[in-house]
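S.K.: Mind looking over this structure? Questions follow.
There are 2 protein chains.
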Amino acid sequence: MTTRIVELRRGILKKNDELAAELRARFAAAGVLVLNLVSSPGTGKTALLERTLKGLKARGARVAALVGDLETDNDARRLASSGVPVRQINTHGECHLEAEEIGRHLDDWKELALDQLDFLFIENVGNLVCPSDYDLGEAIRVVLLSVTEGEDKPLKYPTMFNSADTAVLTKMDLAGPCDFNRELAIKNINEIRPGMRIFETSAKTGAGFDEWLAYLAEEQKSRH
Amino acid sequence: MTTRIVELRRGILKKNDELAAELRARFAAAGVLVLNLVSSPGTGKTALLERTLKGLKARGARVAALVGDLETDNDARRLASSGVPVRQINTHGECHLEAEEIGRHLDDWKELALDQLDFLFIENVGNLVCPSDYDLGEAIRVVLLSVTEGEDKPLKYPTMFNSADTAVLTKMDLAGPCDFNRELAIKNINEIRPGMRIFETSAKTGAGFDEWLAYLAEEQKSRH
Numbered sequence: 030m031t032t033r034i035v036e037l038r039r040g041i042l043k044k045n046d047e048l049a050a051e052l053r054a055r056f057a058a059a060g061v062l063v064l065n066l067v068s069s070p071g072t073g074k075t076a077l078l079e080r081t082l083k084g085l086k087a088r089g090a091r092v093a094a095l096v097g098d099l100e101t102d103n104d105a106r107r108l109a110s111s112g113v114p115v116r117q118i119n120t121h122g123e124c125h126l127e128a129e130e131i132g133r134h135l136d137d138w139k140e141l142a143l144d145q146l147d148f149l150f151i152e153n154v155g156n157l158v159c160p161s162d163y164d165l166g167e168a169i170r171v172v173l174l175s176v177t178e179g180e181d182k183p184l185k186y187p188t189m190f191n192s193a194d195t196a197v198l199t200k201m202d203l204a205g206p207c208d209f210n211r212e213l214a215i216k217n218i219n220e221i222r223p224g225m226r227i228f229e230t231s232a233k234t235g236a237g238f239d240e241w242l243a244y245l246a247e248e249q250k251s252r253h
Numbered sequence: 030m031t032t033r034i035v036e037l038r039r040g041i042l043k044k045n046d047e048l049a050a051e052l053r054a055r056f057a058a059a060g061v062l063v064l065n066l067v068s069s070p071g072t073g074k075t076a077l078l079e080r081t082l083k084g085l086k087a088r089g090a091r092v093a094a095l096v097g098d099l100e101t102d103n104d105a106r107r108l109a110s111s112g113v114p115v116r117q118i119n120t121h122g123e124c125h126l127e128a129e130e131i132g133r134h135l136d137d138w139k140e141l142a143l144d145q146l147d148f149l150f151i152e153n154v155g156n157l158v159c160p161s162d163y164d165l166g167e168a169i170r171v172v173l174l175s176v177t178e179g180e181d182k183p184l185k186y187p188t189m190f191n192s193a194d195t196a197v198l199t200k201m202d203l204a205g206p207c208d209f210n211r212e213l214a215i216k217n218i219n220e221i222r223p224g225m226r227i228f229e230t231s232a233k234t235g236a237g238f239d240e241w242l243a244y245l246a247e248e249q250k251s252r253h
């Protein structure tokens, strides 16, 4: 039974990888930088995204977002207030997004022209395990870790941290009340993924967003 | 492909349910109350458990714990300081514990006699999706929600909240800095699982632990 499951999973992953590769080629041809945001539930993906969308828009960038959740369209409604195009993907119980869903929702989204975008953000389902195996064709996978979650999370969820390209520490405004050990968190991230770029942010106060937005602009420019 | 996966998953769940039923009978015969703690990564399962184990021990109860993680034995080492028997289960990438693992680890744990225990706590892998489908033979499933995660989590992860018997709000000491809306969180929990018992705790300050420990003692007494 286990062997069959592993084989089937490999088959699905292979299919997902093929679709992700097609998406990646499509994104590159359109000149849009695609980022896949992953984290635990409640780490603050939507809060980071809200401030990021507004910040990039204020700098003249053309942005859009796809947000995944098991249920509800809370996040899409919340992000729509930033005045950029946003679509919700409900996975109805599945713990991750897949490349096929991204492709299908982009095909359905008639008003959205990828080649008129600078950035497309994909907010994954809140989960530190399942999304790690599913390439969505993104250029950059961003793993978020909030100061409230504990500094040991990179060691306990190594696959996710290892699969990411960039890390963002969130809720830095709560570092004091949480007795957050910044050095330990950074050490643990580096232990799993040496040299990973790490940003320290607070979506509440705006701390760290100048560096984060400058990084995104640089990445967009350097790749297209 | 999808149909075959669903069929295989049903097969695994059926097998898991059978094993869980056996475990449940075994726990009942031994007179041990078994609780399965589920939540996001970083909600504070280990911190709640640490204070709970110490508190129950101080009241003369006989307690033990099994703790699940993808990797590391951090939690078991941390909990061992409470002076009660603790064992780590590493799932090596799997996003949930299964009944078979619980049974196997209990069989291997020669020093542990279930009929000499009042409580056995199982700390599940940090994940708000996958553990919901896997019965571990527990008497009570406890879902934790920290005030840092956002009041909407019950609506976004309904299967997990619906599958739980009791909810514990954690990190109440951070309610102020997080602008936590207590009424909204309770309303959302009740929307998914009307009438669910809800405790409001801080493992840091000890707030809410008198009620929580009294509840556990009552449940133990009333069932055996």
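Line by line, the protein sequences are chains Z and D. With this note's numbering applied, the first sequence corresponds to residues 30 to 253, in that order. With this note's numbering applied, the second sequence corresponds to residues 30 to 253, in that order. Using N, Cα and C, we set each Cβ at its ideal position, and we do this for glycine too. Treat the numbers as computed from the prediction; the structure is a model and nothing was measured.
Say whether chain D places a C-beta atom closer than 8 Å to the C-beta of K185(Z).
M.R.: Closer than 8 Å: yes.
S.K.: Compare the C-alpha of A223(D) against each of G73(D), D202(D), F190(D) and name the closest.
M.R.: Looking at the sequence provided, one finds Pro at residue 223(D) rather than Ala. It is F190(D) whose Cα lies nearest to the Cα of P223(D).
S.K.: CA-CA distance, L99(Z) and E127(Z)?
M.R.: Approximately 13 Å between the Cα atoms of the pair.
S.K.: Here's a check: name, in chain order, each residue in its chain whose Cβ is nearer than 6 Å to the Cβ of S111(Z), leaving out the five neighbours to either side.
M.R.: These residues qualify, in order along the chain: E79, L82, K83.
S.K.: Would P70(D) pass as a contact of Y186(Z) if the rule is Cβ separation under 8 Å?
M.R.: The answer is yes: Cβ separation under 8 Å.
S.K.: Find the residues of chain D that neighbour T188(Z), judging by a C-beta separation of less than 7 Å, and give them in chain order.
M.R.: Residues of chain D passing the Cβ test: G122.
S.K.: For the candidate residues V172(D), L165(D), F209(D), N156(D), whose alpha-carbon lies nearest to that of F56(D)?
M.R.: Ranking the options by Cα distance to F56(D), first place goes to L165(D).
S.K.: Using DSSP bridges, identify the partner residues of N65(Z).
M.R.: In the DSSP output, where bridge partners are listed per residue, N65(Z) has I151(Z), R170(Z).
S.K.: The beta strand (DSSP E) spanning L95(D) covers which residue range?
M.R.: Where L95(D) is concerned, the enclosing beta strand (DSSP E) stretches over 92–98.
S.K.: Taking C-beta pairs closer than 9 Å, name the residues in chain Z that D164(D) reaches, listed in chain order.
M.R.: Going along chain Z, no residue has its Cβ under 9 Å from D164(D), so there is no contact; the nearest lies around 17 Å.
S.K.: Measuring alpha carbon to alpha carbon, tell me which of L62(D), G179(D), A193(D), N65(D) ends up nearest L75(Z).
M.R.: One detail in the question is off: residue 75(Z) reads as Thr in this sequence, not Leu. It is G179(D) whose Cα lies nearest to the Cα of T75(Z).
S.K.: Do you know offhand how far R39(Z)'s Cα is from F148(D)'s?
M.R.: C-alpha separation (whole angstroms): 40 Å.
S.K.: Taking its Cβ as the centre, do 16 or more other Cβ atoms sit within 10 Å of S175(D), making it buried, or is it exposed?
M.R.: Label assigned to S175(D): buried.
S.K.: The stretch 94–109 of chain Z: which residues have C-beta closer than 9 Å to a C-beta of chain D, in chain order?
M.R.: From the stretch 94–109 of chain Z, only D98, L99, E100, T101, N103, D104 have a Cβ closer than 9 Å to chain D.
S.K.: Comparing C-alpha positions only, which one of L213(D), D104(D), N210(D), S68(D) sits nearest to C159(D)?
M.R.: Of the candidates L213(D), D104(D), N210(D), S68(D), the one whose C-alpha sits nearest the C-alpha of C159(D) is S68(D).
S.K.: With DSSP as the reference, label T234(D) as helix, strand or coil.
M.R.: Three-state result, T234(D): coil.
S.K.: Within a Cβ cutoff of 7 Å, which residues of the same chain sit near D104(Z), ignoring the five residues on either side of it in sequence?
M.R.: Within the same chain, D104(Z) has close Cβ partners T75, V96, D98, Q117, E152.
S.K.: Assuming L141(D) and T72(D) are in contact, meaning their beta carbons sit under 8 Å apart, how far apart are those beta carbons, in whole angstroms?
M.R.: That pair is no contact at about 27 Å.
S.K.: For I215(D), which of G205(D), R226(D), A54(D) has the nearest alpha-carbon?
M.R.: It is R226(D) whose Cα lies nearest to the Cα of I215(D).
S.K.: Considering only DSSP beta bridges, list what F228(D) is partnered with.
M.R.: The partner list for F228(D) (beta bridge, DSSP) reads V197(D).
S.K.: So what's V158(D) in DSSP terms, helix, strand or just coil?
M.R.: Here V158(D) sits in coil by DSSP.
S.K.: Run through DSSP, which three-state label would S251(Z) get?
M.R.: Reduced to three states, the DSSP call for S251(Z) is helix.
S.K.: Have a look at A90(D) and L77(D) and give me their C-alpha separation to the nearest angstrom.
M.R.: Each residue's Cα considered, the two are about 17 Å apart.
S.K.: Taking the C-alpha atoms as reference points, what is the distance between P6(D) and A94(D)?
M.R.: The shown model of chain D, from 30 to 253, leaves out residue 6(D), and the question about it has no answer.
S.K.: For a contact defined as C-beta to C-beta under 7 Å, what are the partners of R33(D) on chain Z?
M.R.: Going along chain Z in sequence order, the residues near R33(D) (Cβ under 7 Å) are L37.
S.K.: Could you give the DSSP three-state label for N210(D): helix, strand or coil?
M.R.: Of the three classes helix, strand and coil, the one that applies to N210(D) here is coil, per DSSP.
S.K.: In chain order, what residues of the stretch 39–52 of chain Z put their CB closer than 9 Å to some CB of chain D?
M.R.: The residues in question are G40, I41, K44.
S.K.: From the DSSP output, which residues share a beta bridge with N119(D)?
M.R.: D98(D), per the DSSP bridge assignment.
S.K.: Hey, out of L135(D), L52(D), V92(D), D202(D), whose CA is closest to L242(D)'s CA?
M.R.: L242(D) has its Cα closest to that of V92(D), out of L135(D), L52(D), V92(D), D202(D).
S.K.: For S192(Z), does the three-state DSSP call read helix, strand or coil?
M.R.: Helix.
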